[in-house]
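Below is one structure, written out as C-alpha cells; the observations come after it.
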Amino acid sequence: MKLPRREAEIARLVASGLSDLNIAQHLSLSENTVGSHLRRIYAKLGCHSRVEIAALLGAHRGLVDRGDAG
7 MKLPRREAEI ARLVASGLSD LNIAQHLSLS ENTVGSHLRR IYAKLGCHSR
57 VEIAALLGAH RGLVDRGDAG
C-alpha cells in the first residue's frame, strides 16, 4: 500500500529515528498533528511501533515515494 505524501514523509522521518517533536519542528506541524498522522500510518500498515515502520520501509523500499528521481 502506498501512503499519501505527508504520511510517507512522516514515516521516513520516523524510520530515521526522529521523535514526534523533531518531526513536528522539521515539517512545521504541531506535535498533535504528527501523532494523528502516525496513528493513521500504524492503522494502514498494520504496525504497532516505530520500529515496525522502520522495518517495513527497509523491507519494501517502494512503500513510500522518496520524492526524488534518484
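Here the sequence shown is numbered in our numbering, starting from 7 and rising by one per residue. The beta-carbon is built from N, C-alpha and C at its ideal position, and this holds for glycine as well. Keep in mind it's a predicted model, so treat the numbers as computed, not measured.
What's the C-alpha gap between residue i and residue j?
{"i": "I16", "j": "L63", "result": "12 Å"}
{"i": "I29", "j": "E37", "result": "8 Å"}
{"i": "V57", "j": "L27", "result": "17 Å"}
{"i": "L35", "j": "I47", "result": "16 Å"}
{"i": "G41", "j": "A65", "result": "24 Å"}
Tell me whether residue i is buried or exposed, calling it buried when 16 or more other Cβ atoms sit within 10 Å of its Cβ.
{"i": "H32", "result": "exposed"}
{"i": "H54", "result": "exposed"}
{"i": "R18", "result": "buried"}
Is it the case that the Cβ atoms of residue i and residue j are separated by a distance below 8 Å?
{"i": "A60", "j": "A14", "result": "no"}
{"i": "K50", "j": "L24", "result": "no"}
{"i": "H43", "j": "R11", "result": "no"}
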